[in-house]
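Every letter in the sequence shown is one number past the one before it in this note's numbering, and letter 20, counting from 1, is 1103. Below: one structure, written as structure tokens.
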Amino acid sequence: MAELHETTFQFEGAEVAVQVGGCGLPLLMIHGSGPGASTLGNWRSVLGPLSDHFHVHAMDLIGFGRSDRKAEAPYFDFELWQRQVTAMIDRMPAGPIAIIGHSISGALALRQAAGNERVVGVLATGTMGLPFALNDGTVRTWTYPKDREALVAAARTLIKNPDLIDEAYLRNREAVLRQPGYEEYFDEMFGGDKQSFIDAAVIPEQDLARILCPVSLIHGRDDEAFPPAPLSVRMAQHIPHADLYLLGNCSHSIAMEHPDKLIVTALSTFRQDARSGSPD
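This is the structure:
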């Protein structure tokens, strides 16, 4: 299994952390936005196996993980993160790339695919990108957990099998959440009208129709916080070459709940003919 190492780069006054390793088709991986979300928290089960097949670049968004926080509010800044993704792609090896994006970063990945010819494949897990109504699960996801009990409750919204909410998972999340000042930062990031954060990530249907590379959408059938019907199911109807996978006994955290299925789907989506940008 290939080893990954951390590198950093400066972007709009912030230091961005990236885990890099492996060889092959360059693959950008971007995590979601839940409590304590980060590259190592979201992708720890799949980073190593994917780096055996791809040149992985797994990036922490500004305000998450090991990347710096944004200096000034608003801290929820979808357009900033979109520019950050573009900057990361510009730093990756020249030529075609693939992207795996989770939740809000699925929308970031699909936006790139709609306008960047270098993107030859996208795998989006539990993705946002279309309108849906805020619900109790979404609110829990975007509320700072004051203690471990609250963190476990939030995790049970995102993970179907409680056995997966183990000590390693909780410690990875707490390593981000318990940093000095992060509670106030997270509270302000997701303060106010949480429906506005859903709306900020919406991709116009005409832009989805412009995505011509292979796309795989994986969504947990039991995802309460980010329900599949108004998101991946509907999205698949607008993306010309989209495959849709609904996983039973699965909530929102695909990489944790079904890592083997994610890896197999990535290998299929980013197969050799996808690298040429020519879908079947």
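Glycine included, each C-beta is placed from N, C-alpha and C at the ideal position. Note that the structure is a prediction, hence the values are computed from the model and not measured.
For residue i, the first and last residue of its enclosing alpha helix (DSSP H)
i, result
"ILE1286", "Note, ILE1286: premise wrong, no alpha helix (DSSP H); not H, not E."
"SER1134", "1130-1134"
"ALA1188", "According to the sequence shown, residue 1188 is Ser rather than Ala. Where SER1188 is concerned, the enclosing alpha helix (DSSP H) stretches over 1187-1198."
"LYS1344", "1342-1352"
"MET1272", "1265-1272"
Cutoff 6 Å; reference residue i; Cβ partners in own chain excluding five residues on either side
i, result
"GLY1331", "ARG1304"
"SER1334", "LEU1241, ILE1242, LYS1243, GLY1303, ASP1305 and ASP1306"
"ASP1151", "ALA1097 and GLU1098"
"THR1221", "ALA1308"
"PRO1362", "Bear in mind that a pLDDT of 36 at PRO1362, under 50, signals an unreliable position, so the model cannot answer this."
"ASP1219", "none"
"SER1351", "none"
Presumed contact (8 Å Cβ cut-off) between residue i and residue j, rounded CB distance
i, j, result
"ILE1286", "LEU1144", "Contact doesn't hold; Cβ gap of about 18 Å is too wide."
"PHE1280", "TRP1225", "7 Å"
"ILE1187", "ILE1180", "The Cβ separation is near 20 Å, so there is no contact."
"LEU1191", "GLN1165", "6 Å"
"GLY1146", "MET1272", "6 Å"
"PRO1118", "TYR1227", "7 Å"
"PHE1092", "ARG1174", "6 Å"
"HIS1324", "LEU1295", "7 Å"
"LEU1247", "GLU1340", "7 Å"
Beta-carbon proximity of residue i to residue j, cut-off 8 Å
i, j, result
"LEU1108", "PHE1353", "yes"
"TYR1252", "ALA1233", "no"
"GLY1189", "GLY1212", "yes"
"VAL1129", "ALA1338", "yes"
"PRO1313", "GLY1204", "no"
"LEU1329", "PRO1342", "no"
"LEU1133", "ALA1292", "no"
"PHE1269", "GLN1167", "no"
"ARG1223", "ALA1236", "yes"
Residues of its chain near residue i, where Cβ-Cβ distance is below 7 Å and the 5 sequence neighbours each way are ignored
i, result
"PHE1161", "ALA1283 and ALA1284"
"SER1315", "THR1210, LEU1300, HIS1302 and LEU1327"
"ALA1154", "GLY1096"
"VAL1103", "LEU1087, HIS1088, THR1090, VAL1139 and HIS1140"
"TRP1126", "MET1112, HIS1114, ALA1141 and ALA1338"
"MET1278", "Residue identity check: residue 1278 is Gln in the sequence provided, not Met. Excluding sequence neighbours, GLN1278 sits near LEU1217."
"ARG1231", "LEU1253"
Any non-hydrogen atom of the ligand FAD closer than 7 Å to residue i Cβ
i, result
"ILE1301", "The ligand FAD is absent from the structure shown, which contains no ligand whatsoever."
Opening and closing residue of the beta strand (DSSP E) in which residue i lies
i, result
"ASP1326", "1325-1330"
"VAL1203", "1202-1208"
"GLN1093", "1088-1094"
"VAL1298", "1298-1303"
Spatial neighbours of residue i in its chain, beta-carbon cut-off 8 Å, leaving aside the 5 residues before and after
i, result
"GLY1148", "ALA1100, HIS1114, ALA1120, SER1121, THR1122, LEU1123, GLY1124 and VAL1259"
"THR1169", "GLN1195 and ASN1199"
"PRO1245", "ARG1239"
"GLY1105", "ALA1085, LEU1087, LEU1133, SER1134, ASP1135, HIS1136, PHE1137, HIS1138 and VAL1139"
"HIS1321", "GLU1288, LEU1291 and ALA1292"
"ARG1261", "none"
"PRO1214", "ILE1281, ASP1282, VAL1285 and PRO1313"
"GLY1178", "PRO1109 and ARG1201"
Cβ of residue i within 8 Å of any chain B Cβ
i, result
"PHE1215", "The question asks about chain B, but that chain is absent: this structure has only one protein chain."
- alpha helix (DSSP H) segments (min. 4 residues) lying fully within the segment 1219-1262: If we require 4 residues or more, the alpha helix (DSSP H) runs fully inside the segment 1219-1262 come out as 1219-1224, 1231-1241 and 1250-1260.
- Query: Hey, which unbroken runs of the beta strand (DSSP E) at 3 residues or more fall wholly within the segment 1105-1165?
  - Reply: Unbroken beta strand (DSSP E) runs of no fewer than 3 residues, entirely contained in the segment 1105-1165, are found at 1108-1113 and 1137-1142, following chain order.
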